[in-house]
Amino acid sequence: MTAETEDLAALREAIRDVLSTQADRAAVRKFINSTAAMDASLWAQGAELGWFGLNIPEDDGGLGLGVSALLVLFEELGRAVAPLPVLGTVLAAEAIVHGGNAAQRAGFLPRLAAGQRPAVFALPGLNANLLLSEHHILSGDISLVIDAATAQLAILPASGVGGDPVFCLLDLSQANVAVEPQKMADLTRQAATITVSDLRIDPSAILPVDAAAMANFAGLLLSADALGAAQGVFELTVDYMKTREQFGKPIGSFQALKHRAAEHHIALVGARALLAHTATLWETRHPDAAFHTALCKAHICEVALTVATDAVQLHGGIGFTWEHECHLFLKRIYLNNQLFGTTATFYDTAFDGLAESFSRAA
Amino acid sequence: MMDQTVNPTPFYPLGHVGDIIAFRAAVAGWLNATVPPDWRQNLTGASEETYLKFQNWWFDQLKSVGLATPHWPKSWGGAGLPLSHQVVMIEELARIGGPMAEMFVVSLFHMPATLFANGSPAQCDRYLTGVRDRGEIWCQGFSEPGAGSDLSALRTRAERKGDVYVVNGQKVWSSFGMHADFCLLLARTNPQAPKKNAGISYFILDMRAAGVTVRPIRQITGRAEFTEIFLDNVEIPVENLIGAENAGWQIAQSTLAAERGLLIFEHAERMTHALRRDYQALTEQHGKPLEDAGLRREFTKRYAELTAVRLLIKQMIEQGEHGQDSGLLAAVIKLYWAQLLQNYTSLMARMRGLDAQRAMPLSLGTGHNSGDYLSDFLQSYGWTIAGGTNEIMRTLIAERILGLPR
Ligand SMILES: Cc1cc2nc3c(=O)[nH]c(=O)nc-3n(C[C@H](O)[C@H](O)[C@H](O)COP(=O)(O)OP(=O)(O)OC[C@H]3O[C@@H](n4cnc5c(N)ncnc54)[C@H](O)[C@@H]3O)c2cc1C
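Chains A and B are the protein sequences, given in the same order. Each step along the first sequence adds one to the number in the working numbering, with nothing skipped, and position 229 is 229. Each step along the second sequence adds one to the number in the working numbering, with nothing skipped, and position 313 is 313.
As C-alpha cells, then:
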C-alpha cells in the first residue's frame, strides 16, 4: 500500500518473478523432502542476480542499493517461504563493512556479494560458549547458528580475557573447526553447532562489532521476512475462505471469520507502513532509525505470528497437515520471532530508544 | 478573558500561503497569542453555558484570521488553503494542545461536504455563508431508535404537502443537537420503494421550526453531548430538500466520508503529543520510566501503532492531493484508529492505577487527553461506535478490500 519508488518496485517484481519459478510450491516442497542443506540452484540464481550484495557498497563489489532493496528481498523471500540461507551472509557482510580493515573488505566483500562464500554471523547468548584466550586461542562451541550448515565463513562471538565479548572472523573449513548441522522446526532454514578446538586467531581477525547495532540490523531483515511470510499465508487464507464451502456457502461469508480477516488486514497494512518508514529512516541516517528498527522487530513479528497462527485455524484440518504449506509459514515466522532477541527484548530496546528520543527532543 | 472578542494579533497566517515555513511560524505565533493557557482548567467542571460560550469564542477567533473555514474552496468563501497548509495548521494546533472546534464539526465538515457535492447554489449560498460568517451550528440527524448500523431502516417520515414536507418521527444520538441551528436530516419519502434505501430523502431542518423538540441524553462520561430529536408535524420547505427526492441515501455517503480524513489526522497528531506528555508524567510519578515490564511493552506497542496510523493518514492525504479516491484506505484508518485510541486510553487509565478511578469533575471539550484518564477511555467509544461501528467497518473491509463473499 505504501508508495514504493519505481526502482524498488522493479526490483520486487524481478525477485518475485524468479521466486515464482525457482521457489514455487513444488520447489520448496522438493527442498524440504530432500537431504540437501540448501537449494543450490536457487543460491546460484540469487548470486547471479546480485541478491547477496544488494546492500554492499559498490566499491566493495556489491550493488550499493541500500537497506530498502535488502528489505524488498527479504520480504519476497518470506512471502515465498524460500529456502535461501541469505541472512547469515548479509549479516557477515554488514559486520565486515563496518568493522573490517581494508584487506578484509577487499578479501571478503566481493566474494560475499557474489555468493561465492556463504557466511554466518552470531551474537553472544546462552547458546554461545566460545572463549578467546589471552594468546588468541579460540575454543568452545556455539549452537543454533542460523544458516551455518552451509557456511564457509563465520563471525562468531567469544568471551575474551576478563569476559569481554569479542568477535572473531574465521574460516569454517579449517581442521580445528567442526560444523554439525542442526535441523530446525522451520523446514526452510537450517542451523548448525560450530565447535572450535584451539584455533589461533590472528589479531586482525578480531573485529570491532557493535553488537546492539547488529542485533537491530538482523531484526530489521527478520521483520521484513516475517511481514512477507505473513502476507503470503494471509493471501492463501483469504483465497481459501473464498473457495472452501461449508453449510452450503463459502466459509468467508461467515462474519466471525470475516472480522478476523479484516483485523489481520489492517494489522498488516500498519506493519507495512512502519517497515517502509523505518527503511527511510535508515536511508537518511535518522537518529530515530535504531529504535524504529527495534519497534519493527517486536511489532511486525508479533503481528505476523498472530496472522500465521490464525491461518492454520482458518484452514481447519487441512491446515494441520504436513502436506499443506500453512505450517511452513507459521514455523518460519515463529523462528523469526525468536532470532536475535524476542519480541519482549525488542520492545524494551525500542522503549529505551523512544525515551532517549523524547529527551533529545526536550 | 474568554469574553475578549477582538484579538489584536500581528499574526496573519493566510498572508503566508505558498511559503510553508513562514505559514507555520505565523500559525504558531497566532496560536500562542490567542489560545488562553488555562483554557483546559477553565473547562473542567464548567457549565454547559461556559462551554458553549468558549466554543463560540474559539470559532470567532479562528474566523477572525480566516482559519475557521480554510479548507473550503475560495468560491464558497473559504481560503482554498492547500492540503499541505491545512496539515501544518493542524500540526501546530496539536503541538500547542489548542482547543478543538468540536461543536462545529458538522458545520465545518459534514454539511459542506454534502452541499459542495449536492446542494443547489441557493442552499450553498445561504448555509455556507451562515457557518462562515455567523458560526451557525449544525447537527446530524441520521440515527434512529430502530436504525443505527442499519441506517436504511430509518422510519422518520416526510410527506410532501404543497410547498412543504411534513415530517414525523424521532432521531437519536445527535451530537450537539441542543445547540444546533440546523440539522442534516434523513427521512423516508417513499415507503413503497422496492429497496429500503431507495425511498430516503435528505433535508435541511431548521431546529427552531415548530414541532421540533430536542432532549439531551446523558452519556457514560456524565456529560450530555448528544440528544434525541422529536419531530411532530414539522414543516420543511421544499427548497430545503438536498438533491432529488429519494436520492438521500447516495448523498448521505458524501456526508459520512467527511468523518474520516483530516479529522482523524488531527486526533492522531494530538495523541502524539499526549503520548509524550503522558510518558513524562508517568516517569515523574514513578521516579523512573515505566517500571512494569508488561505495561511498558504495551505502551511501546501502542507507540508502534500510532506511528503506523500516522503514516497511513499521510498516505491518505497524499492520495487526496493527487485527487485519488482513498475511501478504502480511510476505512482501514478509521478502524485502526478507533481501536488504537481505545487501547491507548485504557492503558493510560490502568497505568494511573487507583488514582484514575476517582470521580472527576466533567471536563468539556478537551478531547481525548483531558487529564481524566478514565473519562478519556470512555470517550473512545465515540470512535468505536459512531460513524460505522468497528464491526461494520470489519465487514466492509472484509468484503470490499479482501473480496470475501457477502
Ligand atoms: C458519541 C456518539 C455520537 C454520535 N453522534 C451521532 C450524530 O451526531 N448523529 C447521528 O445520526 N448519529 C450519531 N451517533 C450514532 C451512531 O452513528 C450509531 O450509534 C451507530 O451507527 C450504531 O448504531 P446503534 O447505536 O443503533 O447500534 P446497533 O446498530 O444497534 O449496534 C449494536 C451492536 O451490534 C453490532 N452490529 C449491528 N449490526 C451488525 C452487523 N450487521 N454485523 C455485526 N455487528 C453488528 C454493532 O457493531 C454494535 O456492536 C453517535 C453515536 C455515538 C456513540
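The beta-carbon is built from N, C-alpha and C at its ideal position, and this holds for glycine as well. Computed from a prediction, not measured in an experiment: that's the story for all the values here.
Residues that K161(B) bridges to, as DSSP identifies them:
Locating residue 161(B) in the second sequence gives position 161, where the first residue counts as 1. Partner(s): V164(B).
By Cβ distance below 7 angstroms, which residues in the same chain neighbour T129(B) in space, the five residues on each side in sequence not counted?
Within the second sequence, numbered from 1, the residue matching residue 129(B) stands at position 129. Counting only Cβ-Cβ distances below 7 angstroms, and skipping sequence neighbours, we find G77.
In three-state DSSP terms, what is P82(B)?
Within the second sequence, the letter at position 82 stands for residue 82(B). P82(B) falls in the coil class under three-state DSSP.
Our contact map puts L205(B) next to G141(B) with C-beta atoms below 8 angstroms; I'd like the distance itself, whole angstroms only.
Residue numbering aside, residue 205(B) sits at position 205 when the second sequence is read from its first letter. Residue numbering aside, residue 141(B) sits at position 141 when the second sequence is read from its first letter. Yes, they are in contact, since the Cβ atoms of L205(B) and G141(B) sit about 7 angstroms apart, within 8 angstroms.
Below 7 angstroms between beta carbons: does that hold for L275(A) and F74(A)?
Locating residue 275(A) in the first sequence gives position 275, where the first residue counts as 1. Locating residue 74(A) in the first sequence gives position 74, where the first residue counts as 1. Going by C-beta atoms, L275(A) is not nearer than 7 angstroms to F74(A).
Return helix, strand or coil for P13(B), following the three-state DSSP convention.
The residue you call residue 13(B) lines up with position 13 of the second sequence. Here P13(B) sits in helix by DSSP.
Can the beta-carbon of L11(A) be found less than 7 angstroms from the beta-carbon of G99(A)?
For the purposes of this step, residue 11(A) is taken as residue 11 along the first sequence, with counting starting at 1. For the purposes of this step, residue 99(A) is taken as residue 99 along the first sequence, with counting starting at 1. The answer is no: Cβ separation not under 7 angstroms.
With a threshold of 6 angstroms, establish whether the CB of F182(B) neighbours any heavy atom of ligand 1.
Working through the second sequence from its first residue, we reach residue 182(B) at position 182. Answer for F182(B): no, Cβ out of range of ligand 1.
At which residue ranges does the region 248-312 of chain A contain complete alpha helix (DSSP H) runs of 4 or more residues, listed in the order of the chain?
255-283
Just to confirm, does G406(A) get its C-beta within under 6 angstroms of one of the non-hydrogen atoms of ligand 1?
Coverage of chain A is limited to positions 1 through 362, which leaves residue 406(A) absent and any answer about it impossible.
Could you round the C-beta distance between N190(B) and S152(B) to whole angstroms and report it? I think they count as a contact, below 8 angstroms.
Here residue 190(B) corresponds to residue number 190 of the second sequence, with the count starting at 1. Here residue 152(B) corresponds to residue number 152 of the second sequence, with the count starting at 1. So it is not a contact: roughly 13 angstroms between Cβ atoms.
Taking the alpha-carbon positions, what's the F358(A) to D239(A) distance?
Taking the first sequence and counting its residues from 1, the one referred to as residue 358(A) is at position 358. Taking the first sequence and counting its residues from 1, the one referred to as residue 239(A) is at position 239. Taking the straight line from one Cα to the other gives about 44 angstroms.
With a cut-off of 7 angstroms, does the C-beta of V332(B) fall near any C-beta of chain A?
As a position in the second sequence, residue 332(B) is number 332, starting the count at 1. Yes, because at least one Cβ of chain A sits closer than 7 angstroms to the Cβ of V332(B).
Going by beta-carbon coordinates alone, are I333(B) and I313(B) separated by less than 7 angstroms?
Counting from one through the second sequence, the residue named residue 333(B) turns up at place 333. Counting from one through the second sequence, the residue named residue 313(B) turns up at place 313. A contact, by the Cβ cut-off of 7 angstroms.
Specify the secondary structure class of E239(B) as computed by DSSP and reduced to three states.
Mapped onto the second sequence, residue 239(B) falls at position 239. It is helical.
Chain A partners of E305(B), CB-CB under 7 angstroms?
In the second sequence, the residue the question calls residue 305(B) occupies position 305. Residues of chain A passing the Cβ test: G270.
So if I threshold CB-CB distances at 7 angstroms, which residues from the region 218-245 of chain A count as touching chain B?
V238, M241 and K242
How about S139(A) and D198(A): do their beta carbons lie closer than 7 angstroms?
Against the first sequence, residue 139(A) aligns to sequence position 139. Against the first sequence, residue 198(A) aligns to sequence position 198. Yes, Cβ-Cβ distance for S139(A) and D198(A) is below 7 angstroms.
Within chain B, partners of P250(A) - CB distance below 9 angstroms:
Indexing the first sequence from 1 puts residue 250(A) at position 250. Simply L404 and P405.
Three-state secondary structure assigned by DSSP to E391(B)
Sequence index remark: in the second sequence, residue 391(B) carries index 391 (1-based). Helix.
Across the region 273-283 of chain B and the region 247-263 of chain B, are there enough close Cβ pairs to call them in contact, namely three or more that are closer than 8 angstroms?
no
Looking only at its chain, what residues have a beta carbon closer than 6 angstroms to the beta carbon of G177(B), apart from the 5 residues adjacent to it on each side?
Reading the second sequence from its first residue, position 177 is the one you call residue 177(B). C139, V214, T227 and I229.
E302(A) versus I318(A): straight-line alpha-carbon distance, rounded:
As a first step, residue 302(A) must be located in the first sequence, where it is residue number 302. As a first step, residue 318(A) must be located in the first sequence, where it is residue number 318. The straight-line gap from Cα to Cα measures roughly 24 angstroms.
On the three-state DSSP scale, how would you describe F217(A)?
Residue mapping note: residue 217(A) aligns to position 217 of the first sequence, counting from 1. Reduced to three states, the DSSP call for F217(A) is helix.
Should S380(B) be listed as close to ligand 1, given that the test is whether its C-beta is under 6 angstroms from any heavy atom?
Position 380 of the second sequence holds residue 380(B). False, no ligand heavy atom lies under 6 angstroms from that Cβ.
I401(B) touches chain A at which residues, Cβ-Cβ below 7 angstroms?
Taking the first residue of the second sequence as 1, we reach residue 401(B) at position 401. Ordered by position in chain A, the residues that pass the 7 angstroms Cβ test against I401(B) are H265.
Buried versus exposed call for N7(B) [16 or more other C-beta atoms within 10 Å across all chains shown]
Within the second sequence, residue 7(B) is the residue found at index 7, counting from 1. Residue confidence is low: N7(B) scores 49 on pLDDT, short of 50, so the model does not pin down where it sits. No coordinate-derived value is stated.
Is it true that the CB of A94(B) sits closer than 7 angstroms to the CB of R270(B)?
Sequence index remark: in the second sequence, residue 270(B) carries index 270 (1-based). Sequence index remark: in the second sequence, residue 94(B) carries index 94 (1-based). Closer than 7 angstroms, so yes.
Considering Cα atoms alone, identify which of P194(B), L83(B) and E298(B) is closest to P73(B).
Mapped onto the second sequence, residue 73(B) falls at position 73. Looking at the Cα atoms, L83(B) is the closest of the given residues.
Any chain B beta carbon closer than 7 angstroms to F254(A)
Indexing the first sequence from 1 puts residue 254(A) at position 254. Output row for F254(A): interface = no.
Quick one: does A350(A) have its CB under 7 angstroms from some CB of chain B?
To locate residue 350(A), count along the first sequence from 1; it is residue 350. For A350(A), the answer is yes, since a Cβ of chain B falls inside 7 angstroms of its Cβ.
Confirm the yes/no value for this check: CB of E391(B), any heavy atom of ligand 1, distance under 6 angstroms.
Start at 1 with the first residue of the second sequence, and residue 391(B) comes out as number 391. Yes - ligand 1 has a heavy atom lying nearer than 6 angstroms to the Cβ of E391(B).
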